[in-house]
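See below for the structure under consideration.
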Amino acid sequence: MSVDVVVLGYGCIDQGGYVYALDDTTPSTGSVGGKVLSQFDEAAALVWSTRFDAIYGISEASTAAAPSVGSVAGQSSCDGATDGACDSANIVDYDTSYAIGAPIALPDYAAGVCEATIASESDWHLPAICEMGCGGAGCGSPASPTEQNVQSDLVDSGGPVPLNGNYWSSTEDSFAPVNGAWAQSFAPGRGSTEELAAKGFALAVRCTRALTP
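So in my numbering, spot 127 of the sequence shown is number 127, and the numbers just go up one at a time.
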């Protein structure tokens, strides 16, 4: 009996995107877990939000046990720096149901465009800041990141993804949550940094999703 085996590594394309995180603790009867980054920008220049307000539980200081305070309590308590799926769900829920002028059209803001079906997959989200990189939001250093991330495993490694410029994350700024959120500044060959930006700035958007084992 022959068995087809596909070996995945960082930068491989699988399930709609570039692999940047791998989890081989999944059962041997299935595929590995991990995360992929969409192959193309969903927006070249888009605001984080069309409305300014603090959103519950999504800052870099937020944890599931001690969520950051926002306008609508009762949403999920996110590990804001690392769980972009949770962050994005809170953002989209807020802009759909609670923001002034709601519902805000999904194509009008960063987390919203990641709700689209991309490469036949429909469970994308705007990545949290530590999913994107390291260096400024408690995500470790380039030499010792706290999470597998896009910067370390696709950009700094000289991989196939020539990301360059400023990209939104789904993580809010704990010190100025009404107006600020974290962004990743990619600069291949010159070092990448995590920075704070005003939510009304128009930055690029690239989405991520978890691999289905």
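Where a beta carbon is used, it is the ideal one built from N, C-alpha and C, also for glycine.
So what's residue i in DSSP terms, helix, strand or just coil?
{"i": "Tyr-18", "result": "strand"}
{"i": "Ile-118", "result": "strand"}
{"i": "Leu-196", "result": "strand"}
{"i": "Cys-207", "result": "coil"}
{"i": "Ala-81", "result": "coil"}
{"i": "Leu-37", "result": "strand"}
{"i": "Pro-213", "result": "coil"}
{"i": "Asp-23", "result": "strand"}
{"i": "Ser-144", "result": "strand"}
{"i": "Ala-202", "result": "strand"}
{"i": "Ile-13", "result": "strand"}
{"i": "Ser-88", "result": "helix"}
{"i": "Val-5", "result": "Per-residue confidence for Val-5 stands at a pLDDT of 41, beneath the threshold of 50, marking its modelled position as unreliable; no derived number is given."}
{"i": "Ser-157", "result": "coil"}
{"i": "Ser-59", "result": "strand"}
Whole-angstrom Cβ separation of residue i and residue j, contact assumed at under 8 Å?
{"i": "Gln-148", "j": "Tyr-167", "result": "Contact flag wrong, Cβ pair sits at about 17 Å."}
{"i": "Tyr-20", "j": "Val-32", "result": "Rounded, the Cβ-Cβ distance is 13 Å, inconsistent with contact."}
{"i": "Asp-108", "j": "Ser-170", "result": "Between Ser-170 and Asp-108 the Cβ distance is about 16 Å, and since that is not below 8 Å, they are no contact."}
{"i": "Glu-172", "j": "Ile-55", "result": "6 Å"}
{"i": "Gly-140", "j": "Asn-90", "result": "Gly-140 to Asn-90, Cβ: 24 Å. No contact."}
{"i": "Gly-180", "j": "Ala-128", "result": "At roughly 15 Å, the Cβ-Cβ gap does not stay under 8 Å, so Gly-180 and Ala-128 are not in contact."}
{"i": "Glu-194", "j": "Ala-137", "result": "5 Å"}
{"i": "Ser-71", "j": "Asp-53", "result": "5 Å"}
{"i": "Gly-16", "j": "Ser-120", "result": "7 Å"}
{"i": "Leu-163", "j": "Trp-182", "result": "No, Leu-163 and Trp-182 are not in contact; Cβ-Cβ is about 16 Å, not under 8 Å."}
Compute the distance between the beta-carbons of residue i and residue j, then report whether it is under 9 Å.
{"i": "Cys-12", "j": "Ile-118", "result": "no"}
{"i": "Asp-93", "j": "Leu-211", "result": "no"}
{"i": "Cys-216", "j": "Pro-142", "result": "An answer regarding residue 216 cannot be provided, because it is not within the stretch 1 to 213 covered by the chain."}
{"i": "Asp-41", "j": "Val-178", "result": "no"}
{"i": "Arg-209", "j": "Asp-123", "result": "yes"}
{"i": "Ser-49", "j": "Asp-95", "result": "yes"}
{"i": "Tyr-18", "j": "Gly-191", "result": "no"}
In the DSSP assignment, find the alpha helix (DSSP H) that holds residue i and state where it starts and stops.
{"i": "Gly-165", "result": "From DSSP, Gly-165 is part of no alpha helix (DSSP H) but of the beta strand (DSSP E) over 165 to 172."}
{"i": "Gly-112", "result": "110 to 113"}
{"i": "Glu-218", "result": "The question about residue 218 has no answer, for the chain in this structure spans 1 to 213."}
At which residues does the beta strand (DSSP E) containing residue i begin and terminate?
{"i": "Ala-45", "result": "43 to 47"}
{"i": "Ser-185", "result": "180 to 186"}
Quiz item: Are at least three pairs of beta-carbons, each pair with one atom in the region 57 to 64 and one in the region 77 to 86, less than 8 Å apart?
Solution: Enough Cβ pairs lie closer than 8 Å, so yes.
Quiz item: Okay, do the region 101 to 113 and the region 148 to 164 touch, 3+ Cβ pairs below 8 Å being the bar?
Solution: Contact between the region 101 to 113 and the region 148 to 164 is absent: fewer than three C-beta pairs spanning the two stretches fall below 8 Å.
Quiz item: Touching or not, the region 40 to 55 and the region 196 to 206, by the rule of three or more beta carbon pairs under 8 Å?
Solution: Enough Cβ pairs lie closer than 8 Å, so yes.
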